[in-house]
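There are 6 protein chains.
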Amino acid sequence: MNSTKRTAIFPGSFDPFTIGHMSILEQAMPLFDEIIIAIGVNSAKKDFFPLDRRIQHITSLFTDTPKISVDTYTSLTIEYCKKRKAQFILRGLRNTTDFQFEKSIAQMNSKLLPEIETIFLVTPPEFGHVSSTIIRDLISYGTDVSEFIPGKI
Amino acid sequence: MNSTKRTAIFPGSFDPFTIGHMSILEQAMPLFDEIIIAIGVNSAKKDFFPLDRRIQHITSLFTDTPKISVDTYTSLTIEYCKKRKAQFILRGLRNTTDFQFEKSIAQMNSKLLPEIETIFLVTPPEFGHVSSTIIRDLISYGTDVSEFIPGKI
Amino acid sequence: MNSTKRTAIFPGSFDPFTIGHMSILEQAMPLFDEIIIAIGVNSAKKDFFPLDRRIQHITSLFTDTPKISVDTYTSLTIEYCKKRKAQFILRGLRNTTDFQFEKSIAQMNSKLLPEIETIFLVTPPEFGHVSSTIIRDLISYGTDVSEFIPGKI
Amino acid sequence: MNSTKRTAIFPGSFDPFTIGHMSILEQAMPLFDEIIIAIGVNSAKKDFFPLDRRIQHITSLFTDTPKISVDTYTSLTIEYCKKRKAQFILRGLRNTTDFQFEKSIAQMNSKLLPEIETIFLVTPPEFGHVSSTIIRDLISYGTDVSEFIPGKI
Amino acid sequence: MNSTKRTAIFPGSFDPFTIGHMSILEQAMPLFDEIIIAIGVNSAKKDFFPLDRRIQHITSLFTDTPKISVDTYTSLTIEYCKKRKAQFILRGLRNTTDFQFEKSIAQMNSKLLPEIETIFLVTPPEFGHVSSTIIRDLISYGTDVSEFIPGKI
Amino acid sequence: MNSTKRTAIFPGSFDPFTIGHMSILEQAMPLFDEIIIAIGVNSAKKDFFPLDRRIQHITSLFTDTPKISVDTYTSLTIEYCKKRKAQFILRGLRNTTDFQFEKSIAQMNSKLLPEIETIFLVTPPEFGHVSSTIIRDLISYGTDVSEFIPGKI
C-alpha cells in the first residue's frame, strides 16, 4: 500500500527488560514495519545485569518475530536513528512522572532533528506499577521477580 | 513494503480546530496511510461553532492532502473505528492534565476493543498553551484569535 | 484486643458502583470493624441510575458480609460521620487527579472535625482506568459494561 | 470488639524524624492497635544522622506511648511485615510526587504479598513543605531546624 | 528609586474572598506600588454571593491600605489591564492543578499582550486546602466557615 | 514613585545559563530595580562548566544592563538574600515537576525568613523543554547546542 518502510527505535537500558516493555512492543507491532530494540550503553551508568545477558535475554524473546531486532548504541538517540534510517522513536508511558520527563526529551529531539517523531503508547493498567528500578531493588533483596520478566533472563 | 493499510482516526470536537491540532496531524502524517479527522457530534454538548462551519473549515485545510479526510460520528469512538476499519486512534498530549485524562480513556478503549491502539504525540512546546476552550473564551470577548487558527474559519 | 469499634464511612455517589469500588472495600475489610457504604444524595446533581436501583445493587453485593451496610445521606459528609459515630472516612485513589482533589477535601474535613481521619487506599493497577463517569458514558452509547460492574445492576 | 490485633509498620529512613512523620503517627493512632516505626537500614545509602542517634531520638518521643515501638530492618519491607506479623504498611502523602512514587511501590507490594495493605494518610497542610531532605540540607548550612523536629535529636 | 509605578491586577471571582486570597495579597504588598483587586463579572456564571456583597466585603478589609483598591470588570483580563495601565497580573498557586491551568492562561496572555507579565506567588502551606469552591459547598450545608474568611462577609 | 528599592536574587547553578533563564530575566526586568544572578557554589556537586567560565558567560550577556549583576554564593540562599538586602527570590517554572519542587522550597524559605518572598514566572511555551540537564547531556554527545544558549559560552 505505502512504499515507505516505517522503522522505529525502541530505546532504553532494559536493565532488565520487563513485561511492561513487552506489552508496549506488542501494542506497537501493527504500527511499524520494523522495530529495533536499542539498548543504550552509557559508560557513566552502572549496569545491574551485564550488557551481554540483556542482549541474550531480549533476543531470545523475539527469535520468531522477524520484524523485531536487538541492537546496542552509544551515541545520542537521534544520531542512532539517523544511522539506522529510523523515522520514529517508540516510548511507553505509565504515569505523569514518565510523561513529564519524556515530553521534554521528545520536544528537544524534535527541535534537533525534525524528521524524527516520538510515538507514545500507554502501558496497560495491569502493568502500570512495573519498573526496572523496582525490579532491580526486589532482586537485590533476593525476591523472585519472574512474574515481571518475560522469558528467562 | 507492508501490505496493511494503516488508518487512524483523529477524534475531537474541534470547536474550533487549532494550530495545535494542525501540528499533531503534521507530525502524524508519516506514520499513517490514511487519517480521518472525526468530529464527534454530541447532542448533549452545546456547540460554539456550528458543525457545518467546522466541517467546512477543516476540509478547506486539507484539500491537497489526499491522505486526510473529514467525517462526523455520533457513536462511541471505538465503534466508529470498527465501522471505518481504522486500527488506530490518534491523540495529542500537551500536559499532565491531558495525559491523565487520555490515559484512562485509551486503557478503557483497549479493554473494550483490543485491536484498537491509541497513539499519542506530544504537542510542540510553542503550542502547549493553545486550547479550543481558551480560544472560545477569547472569541466571546471579541479578541482576534486568527494566529491560533489555521486557515479561515 | 482493642475495645474501640472502628467504623468507616465509604462515601460516594456510586452511580454506578464499580469493580474499582469493590476492590477498595475488599482491601479495607481487615482494617475496620464496620464499613458503611454511604450514598450521598445531592438534589443539585442529576442521577444516571435512580437512587433505589443503586441501593438495591450495592446491598445485593454484601448480603453475606455483616460488616458492610448501605445507607444514604444528604448532609455534609463529616456531619453524617458524627451521626453514625464513624471515626474514619475511606477513599480510593487511582491517579494524581484523584489525589489532588481528595487531599484538599480530607484536609478541610480534618480542620472542621479533627477526630475524623480520612484513610486512603490505592486502587489495584488493573482497575486504575475504571471510573463511574466513563462507565456512564459507555452505557449511554449502548456498550456492554458488565465486566466493570460487580453483580447485576 | 474485634479479635484481631491490627499492627502497622511505619517504614522509612527517618533521617531525621520530622514533625511531618509525627503528625502522620498521631493521625494513625486510632486506626491501629500497634505501630512499629521501622527504620530501614540500607548499607548502600549514606546516613546523615547515625542510626543509633535516630533510634534514640525516635524512641525518646514515644516512651509514654505503649502502642508505638521502634525497630530497624534490613530486608525487603514486606518480608519485615511478615516477620513482625504486621498486616499494614502506613505511609504519609504530601503531594503528587509522593503519591506517584508510593502508588507503584504499594501496588507492587500488594502483588507480591496480597495480605499486606498499604494505608495512606495525608499530611496536614501546615506540614506539607517539611521533608527530611530539605532539613538535612538546612542543617548542612548550619540553620536551626528545631521547629521542624519533634523533641531533641 | 525607580520612576515607574508598578501596578498589579489581582483578578478573580472571589465568591467568596478567602484567607488564601488575603495571604497572597499580603505576600504581594512589598512587590507592587498599587494592587487592584478586580472582580471579574461573568453573566454566564451563576454567583453564590451577590456582587454587591462581595465588593463590600473585600473593600471593608482594605480601608486602611491605600495601595489596594477594589474594582469590577467585564472584559478580557488583559483588556482590563490595559485600561487600568497595569503591567502585572497577580495569581496565587496552591497545587499542580492550579499551576497547570494558570500556566496556559498566563502564556496565552503573554502572547496576546507581551507587555503584561503574570506574577505567581505560592500560597502558604497552612492555606493550601482553602478554596472558594469548597467554602461555598460548606456554606450550602450550613457549616460555619468564618475561620476561612477574613473579616465579615 | 516608591522609595524602596526592589532587589531580587535569581539563584541557580546555571550550568549552563540557557535561553530559558534569559527569558525569565527579561520577563522579570520591569518588576525589579535590581536583579542579582547568584550562582550557587556547592562543593558537593560536580560542575560541568567551570565556575569561572559560567561567570564570564553570564556577565558577558548583561554588560549593557546596569540593573543586572552576577555574583556567586556558598551559603543558604536566604542567608545570601539577607547579606545582599534582597527581599525577593526569582524562580522560573516550566512544568508541574518544577512547581512541586519549588513550592516546598519557597514555603520553607518563607517559614525561615518571612520577609523574603519567592516570585515565580512561567517560562514561555517555546522554551518549556529547555533544561541545563538536557543541554549538558547533549554536549557530552558532541551535539551543537548553540541555539539553546544565549551569547557564547
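Residue numbers (the working numbering), protein chains in the order written: chain A, 108 to 260; chain B, 108 to 260; chain C, 108 to 260; chain D, 108 to 260; chain E, 108 to 260; chain F, 108 to 260. Glycine residues also receive a C-beta, built at the ideal position from the N, C-alpha and C atoms.
{"Query": "Cβ separation of T170(A) and I242(A), assumed to be a contact under 8 Å, to the nearest whole Å", "Result": "Not quite, the Cβ-Cβ distance comes to about 23 Å (not below 8 Å), so this is no contact."}
{"Query": "Members of the segment 215-247 of chain A near chain C, C-beta cut-off 8 Å", "Result": "P232, E233, F234, G235, H236"}
{"Query": "Supposed contact pair L132(A) and I142(A) - C-beta distance, whole angstroms, cut 8 Å", "Result": "7 Å"}
{"Query": "Rounded separation between H128(C) and S239(C) - CA only", "Result": "10 Å"}
{"Query": "Per-residue DSSP class, three states only, for Y180(D)", "Result": "strand"}
{"Query": "Contacts around P231(C), its chain only, beta-carbon distance under 6 Å, and the 5 residues preceding and following it disregarded", "Result": "S130"}
{"Query": "Alpha carbon of K190(A) to alpha carbon of N202(B), nearest angstrom", "Result": "31 Å"}
{"Query": "N- and C-terminal bounds of the beta strand (DSSP E) containing F195(E)", "Result": "195-200"}
{"Query": "Any C-beta of chain A under 8 Å from that of Y187(D)", "Result": "no"}
{"Query": "Length of the line joining the Cα atoms of N109(B) and D140(A)", "Result": "Confidence is the limiting factor: at N109(B) the pLDDT is only 48, short of 50, which leaves the residue's position unreliable, though a coordinate-based value still follows. Those two C-alpha atoms are separated by around 7 Å."}
{"Query": "First through last residue of the alpha helix (DSSP H) which encompasses L275(A)", "Result": "Beyond the ends of chain A as shown, which are 108 and 260, falls residue 275(A); an answer cannot be given."}
{"Query": "Cβ-based neighbour list, T166(D), same chain, cut-off 8 Å, excluding 5 preceding and 5 following", "Result": "V177"}
{"Query": "C-beta atoms of V229(A) and A213(B) nearer than 8 Å", "Result": "yes"}
{"Query": "Rounded distance between the beta-carbons of G235(C) and G273(A), thought under 8 Å", "Result": "Since the first residue of chain A shown is 108 and the last is 260, residue 273(A) is not available in this structure."}
{"Query": "Neighbour flag for K192(A) against chain B, beta carbons, 8 Å", "Result": "no"}
{"Query": "Among D154(B), I146(B), L220(B), F255(B), nearest to E186(B) - alpha-carbon criterion", "Result": "L220(B)"}
{"Query": "Exposure of K210(B), with buried meaning 16 or more beta-carbon neighbours within 10 Å", "Result": "buried"}
{"Query": "DSSP bridge partner residues for E224(D) (one or two, in chain order)", "Result": "F195(D)"}
{"Query": "Same chain only: Cβ atoms within 8 Å of N216(F), ignoring 5 sequence neighbours per side", "Result": "T184, I185, I196, I223, T225"}
{"Query": "Integer Cβ distance of I146(C) from R161(C), believed to fall under 8 Å", "Result": "6 Å"}
{"Query": "Residue from Q163(E), T172(E), L168(E) whose Cα sits closest to the Cα of G258(E)", "Result": "L168(E)"}
{"Query": "Residue span of the beta strand (DSSP E) that contains G147(C), given as start and end", "Result": "141-147"}
{"Query": "Range of the contiguous alpha helix (DSSP H) that encloses G119(C)", "Result": "Looking at the DSSP string, G119(C) is not in any alpha helix (DSSP H); the run it does join, the beta strand (DSSP E), is 114-119."}
{"Query": "Neighbouring residues, chain E, relative to L138(F) (Cβ below 8 Å)", "Result": "R113, L138, F195, E224, I226"}
{"Query": "Beta-ladder partner(s) of V229(B), from DSSP", "Result": "L200(B)"}
{"Query": "Beta carbon proximity, T203(E) to chain D, threshold 8 Å", "Result": "yes"}
{"Query": "Contact list for Q134(F) against chain E, beta-carbon separation under 7 Å", "Result": "E224"}
{"Query": "Same chain only: Cβ atoms within 6 Å of K112(D), ignoring 5 sequence neighbours per side", "Result": "D140"}
{"Query": "Residue environment, F206(C), which counts as buried when at least 16 other CB atoms sit within 10 Å", "Result": "buried"}
{"Query": "Per-residue contacts from Q163(B) into chain C (C-beta, under 7 Å)", "Result": "Residues of chain C passing the Cβ test: none, with the nearest at roughly 27 Å."}
{"Query": "Cutoff 8 Å: N109(C) Cβ touching any chain B Cβ", "Result": "Caution applies to N109(C), whose pLDDT of 48 falls short of 50 and renders its modelled position unreliable; the model cannot decide the point."}
{"Query": "Length of the line joining the Cα atoms of G119(C) and H164(F)", "Result": "58 Å"}
{"Query": "Beta carbon of T250(E) nearer than 8 Å to that of K192(E)", "Result": "no"}
{"Query": "Inter-residue CB distance, F227(D) and F227(C) (contact presumed, cutoff 8 Å)", "Result": "4 Å"}
{"Query": "Beta-carbon neighbours of F206(F), restricted to chain E and to distances below 8 Å", "Result": "L200, T203, F206"}
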